[in-house]
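Everything on this sheet refers to the single structure shown next.
Protein chains in written order, with this note's numbering: chain A, 1 to 314; chain B, 1001 to 1109.
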């Protein structure tokens, strides 16, 4: 906890109990130093009116539309289940971000199918590409659909609810033996994009491959991700959202919270627990507990974002 | 036309020289690399000039085979193959452009 935090972060016994009472409808969690804790913002009055939180947005990732192997023969179907879950949420999120691998093989039909299902959420969607979205020979399908108004291979920023969002691309121009890559041009743009922003502006960076080094042996990290993180160091609240590794992983470093989302298509093993990061085959009954979406809550005047991961099934 | 003839002649001579070698070790003119569990297997191969290598992706995830400036496969889906014949000696480092931590080496002598 830094001295800049609001004074209401302490988890008193009373607050824990209140949050537990509230658990019937859902608890907002934040992770501090790797330890999950409920947000201090939920006092009894707010719990009663919890249906009116600050801004919420949703993260969805790694849909792999077109994937049809045993780990999940129907990736389009589980994407649709995720969208149905989104449509059933009691509070409609302000918008959605998709952190890449919309498709499996970048085929036009896969992009069409993904669009058809995701658009049923009737939410604005902000995309960044995964490496599976850039497989067509001319690398044009992703850019023609989602790249309008973006720079370079598809990076951009926008503001919503007082938060500055930056979509980054770290899946192009990868070097043999290396990790994900942002490149000098994008880093220069990012530095410029953040210049002049008030240090109290909450920042959300989102990209496909984790910007932090999760497990380099499997390529789970970004070669020059540290440079991007240096540019956001001075900001009071930074949230970094990724996909790519198909499992929830969180870490807090100073004012920076890292979070990776589940896939809606298939799970991948925890680092080093399998021969490769390839699709993990699990029992049919277990699959949906390992797929899902994340919703992120930002309360005006609060420094922290609460991230709620929702599996497709309990 | 003279240049072409000369080149054709060169190829014929090279083929003639190679005949005893390929006869003696027929298996060596075609070799295979498999992609299993995000690994090129074998990761390093020593071959003679003229050898053809076929890569087969046996993963559920697409991969590529890329050697900067030398060869570049299309995206290989499950069980797709890529073939390249090495006509020049040298060390060919290659990698998967989607999963760059996957690397391999072909040494051609």
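Cβ atoms here follow ideal geometry from the backbone N, Cα and C, with glycine treated the same way.
Between residue i and residue j, what straight-line distance do the alpha-carbon atoms span, to the nearest angstrom?
i                       : j                       : result
residue 1104 of chain B : residue 117 of chain A  : 39 Å
residue 1068 of chain B : residue 135 of chain A  : 17 Å
residue 182 of chain A  : residue 1102 of chain B : 19 Å
residue 72 of chain A   : residue 310 of chain A  : 19 Å
residue 236 of chain A  : residue 200 of chain A  : 5 Å
residue 39 of chain A   : residue 295 of chain A  : The predicted position of residue 39 of chain A is uncertain, since its pLDDT is 37 and thus under 50; a value taken from the coordinates is nonetheless stated next. Roughly 15 Å separates the two Cα atoms.
residue 68 of chain A   : residue 1077 of chain B : 12 Å
residue 287 of chain A  : residue 307 of chain A  : 22 Å
residue 210 of chain A  : residue 1082 of chain B : 30 Å
residue 1048 of chain B : residue 77 of chain A   : 49 Å
residue 1113 of chain B : residue 1055 of chain B : Past the edges of chain B, shown from 1001 to 1109, lies residue 1113 of chain B, and the structure says nothing about it.
residue 1039 of chain B : residue 174 of chain A  : 17 Å
residue 260 of chain A  : residue 180 of chain A  : 15 Å
residue 278 of chain A  : residue 269 of chain A  : 8 Å
residue 193 of chain A  : residue 163 of chain A  : 14 Å
residue 1096 of chain B : residue 1058 of chain B : 14 Å
residue 202 of chain A  : residue 305 of chain A  : 9 Å
residue 113 of chain A  : residue 125 of chain A  : 15 Å
residue 1020 of chain B : residue 1053 of chain B : In this prediction, residue 1020 of chain B has a pLDDT of 44, which is less than 50 and means its spatial position is unreliable; what the coordinates show is noted afterwards. So the alpha carbons of these two residues sit roughly 20 Å apart.
residue 312 of chain A  : residue 59 of chain A   : 14 Å
residue 61 of chain A   : residue 248 of chain A  : 11 Å
residue 96 of chain A   : residue 128 of chain A  : 12 Å
residue 165 of chain A  : residue 109 of chain A  : 30 Å
residue 233 of chain A  : residue 226 of chain A  : 10 Å
residue 149 of chain A  : residue 1034 of chain B : 41 Å
residue 1094 of chain B : residue 1062 of chain B : 16 Å
residue 197 of chain A  : residue 171 of chain A  : 27 Å
residue 241 of chain A  : residue 204 of chain A  : 7 Å
residue 80 of chain A   : residue 285 of chain A  : 18 Å
residue 191 of chain A  : residue 115 of chain A  : 32 Å
Quick check: residue i and residue j, are their CB atoms within less than 8 Å of each other?
i                       : j                       : result
residue 98 of chain A   : residue 263 of chain A  : no
residue 160 of chain A  : residue 280 of chain A  : no
residue 132 of chain A  : residue 157 of chain A  : no
residue 337 of chain A  : residue 221 of chain A  : Any answer about residue 337 of chain A is impossible in this case: the structure gives chain A only from 1 up to 314.
residue 282 of chain A  : residue 271 of chain A  : no
residue 1092 of chain B : residue 1066 of chain B : no
residue 258 of chain A  : residue 212 of chain A  : yes
residue 141 of chain A  : residue 167 of chain A  : no
residue 256 of chain A  : residue 82 of chain A   : no
residue 1178 of chain B : residue 1050 of chain B : No information on residue 1178 of chain B is available, as it lies outside the stretch 1001 to 1109 that chain B covers here.
residue 176 of chain A  : residue 1100 of chain B : yes
residue 147 of chain A  : residue 103 of chain A  : no
residue 154 of chain A  : residue 208 of chain A  : no
residue 189 of chain A  : residue 151 of chain A  : yes
Grouping DSSP H, G and I as helix and E and B as strand, with all else coil, what is residue i?
i                       : result
residue 83 of chain A   : helix
residue 311 of chain A  : strand
residue 241 of chain A  : strand
residue 135 of chain A  : coil
residue 189 of chain A  : helix
residue 1094 of chain B : strand
residue 117 of chain A  : helix
residue 276 of chain A  : coil
residue 157 of chain A  : strand
residue 367 of chain A  : Nothing about residue 367 of chain A can be read from this structure; chain A reaches only from 1 to 314.
residue 284 of chain A  : helix
residue 297 of chain A  : strand
residue 101 of chain A  : coil
residue 1038 of chain B : coil
residue 334 of chain A  : Any property of residue 334 of chain A remains undetermined from this structure, which presents chain A solely from 1 to 314.
residue 78 of chain A   : helix
residue 235 of chain A  : coil
residue 205 of chain A  : strand
residue 25 of chain A   : With a pLDDT of 28 at residue 25 of chain A, under the threshold of 50, the predicted position of this residue should be treated as unreliable, though the coordinate-derived value follows. Coil.
residue 249 of chain A  : strand
residue 217 of chain A  : helix
residue 184 of chain A  : helix
residue 108 of chain A  : helix
residue 195 of chain A  : coil
residue 141 of chain A  : helix
residue 1105 of chain B : strand
So does residue i have its beta carbon nearer than 7 Å to some heavy atom of the ligand SAH?
i                       : result
residue 1078 of chain B : In the structure shown, the ligand SAH is absent, as is every other ligand, since no ligand is present at all.
Residue i versus chain C: which residues are under 7 Å apart at the beta carbon?
i                       : result
residue 1103 of chain B : Note that chain C does not occur in the displayed structure, where the protein chains are A and B.
| request: Below 9 Å between beta carbons is the criterion; list the residues of the region 1087-1100 of chain B that meet it against any residue of chain A, in chain order. | output: If the cut-off is 9 Å between Cβ atoms, the region 1087-1100 of chain B has 1093, 1094, 1095, 1096, 1097, 1098, 1099, 1100 near chain A.
| Sufficient close CB pairs (3 or more, under 8 Å) joining the region 67-87 of chain A to the region 104-122 of chain A | Remark: three or more beta-carbon pairs, one from each stretch, lie closer than 8 Å, so the region 67-87 of chain A and the region 104-122 of chain A are flagged as touching.
| field | Contact list for the region 261-292 of chain A against chain B, Cβ threshold 7 Å | value | Hits within the stretch, in order: 275, 276, 277, 278, 279.
| request: Can you give me, in chain order, the residues of the region 194-225 of chain A that have a beta carbon less than 8 Å from any beta carbon in chain B? | output: Taking 8 Å as the Cβ-Cβ cut-off, the region 194-225 of chain A approaches chain B at 216, 217, 218, 219, given in chain order.
| Short-range partners of chain B found in the region 126-146 of chain A, where Cβ spacing is below 8 Å | Within the region 126-146 of chain A, 131, 132, 135, 137 place their CB atoms closer than 8 Å to a CB of chain B, listed in sequence order.
| task | Name, going along the chain, the residues of the region 50-80 of chain A whose beta-carbon falls closer than 7 Å to a beta-carbon of chain B. | result | Close to chain B, meaning a Cβ-Cβ distance shorter than 7 Å, are the following residues of the region 50-80 of chain A: 69, 71.
| field | Cβ-based contacts, 7 Å cut-off: residues of the region 150-173 of chain A near chain B | value | Going along the region 150-173 of chain A in chain order, one finds no residue with a Cβ nearer than 7 Å to chain B.
| message | Short of 9 Å Cβ to Cβ, which residues in the region 95-123 of chain A face chain B? | response | For the region 95-123 of chain A, which is checked against every Cβ of chain B, the residues closer than 9 Å are 104, 105, 106.
| task | Using a Cβ-Cβ cut-off of less than 7 Å, give me the residues of the region 1040-1053 of chain B that come near chain A, in sequence order. | result | Cβ contacts with chain A come from no residue of the region 1040-1053 of chain B.
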